[in-house]
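Heads up, the thing below is written out as structure tokens.
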Amino acid sequence: MVDQPYMTKTETATYASLWPKLEGKARWFFVEFAPRSVITRPSGGQQLPGQGFYEITGLAWSGRGAITQVDVSTDGGQTWNEARMQGPAHRKAHTRFCFDWAWKGEEAVLMSRCTDERGEVQQSLAEFTRTYGGSEEYWKSMTTAVAHFGVLQPWKVMRDGSVHNAFF
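Its first residue numbered 26, the sequence shown is counted upward by one per residue in our numbering.
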């Protein structure tokens, strides 16, 4: 147990990384999770039985502090509305959120984004690519899990009510 981060060989070799877009600077302690959120209902593989009122629900969290706000978009990120957070938002813990939505039976793309107590906002894929390099196609082509890849997760609701992953 130590009282502060130490720049030991293991720490600098394992937990620091050079990223192309940071102009030769290292990102230290990148294992600290950035703000993330995901809609859990409705989401991939689920089916809406018909148009009407639905409650969009999900989880938000950050390894950098407490979640202070969650926004939901039902039009692919063109507009955002503040969701209700359920219960207290604790530091570095999951926070539930919900948002009332009247589905009219049309195609829709649902997404959530969150902000933590540091003011950091969950990144879109375009923002993540600008920060860490590569291309959007590169990140979408990954066949294995990418640590700390917490970009916005879109879910597409089809006219028949089926819900699909709109990211890949």
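Ideal Cβ placement from N, Cα and C applies to all residues, glycine included.
Given residue i as reference, the closest of the options once Cα atoms are compared
i	options	result
Thr65	Met167, Asp185, Val97, Arg116	Val97
Ser187	Gln72, Arg61, Gly144	Gln72
Pro67	Ala59, Thr93, Gln103, Gly83	Gly83
Glu145	Gln76, Glu161, Met136, Phe58	Phe58
Arg184	Thr33, Pro74, Asp28, Gln29	Pro74
Gln178	Thr33, Met110, Pro60	Pro60
His189	Ala133, Ser166, Glu161	Ala133
Tyr79	Met110, Cys123, Met167, Gly158	Cys123
Span separating the alpha-carbon of residue i from that of residue j
i	j	result
Ala108	Phe153	23 angstroms
Thr140	Ala191	22 angstroms
Gly19	Val95	In the structure as shown, the chain starts at 26 and stops at 193, and residue 19 therefore has no counterpart that could be examined.
Thr120	Thr156	26 angstroms
Glu131	Gly77	11 angstroms
Asn106	Gly90	22 angstroms
Val176	Gly70	20 angstroms
Expected contact under 8 angstroms - CB spacing of residue i and residue j to nearest Å
i	j	result
Thr93	Ala118	That belief does not hold up - the Cβ atoms of Thr93 and Ala118 are roughly 13 angstroms apart, past 8 angstroms.
Leu150	Trp180	Not a contact, Cβ separation roughly 15 angstroms.
Trp126	Thr99	6 angstroms
Limits of the unbroken alpha helix (DSSP H) element including residue i
i	result
Glu80	No alpha helix (DSSP H) contains Glu80, which is instead part of the beta strand (DSSP E) from 77–86.
Leu177	Taken as a continuous stretch (DSSP letters only), Leu177 belongs to no alpha helix (DSSP H), as it is neither H nor E.
Phe58	No alpha helix (DSSP H) holds Phe58; DSSP gives it neither H nor E.
Arg155	150–157
Trp164	161–165
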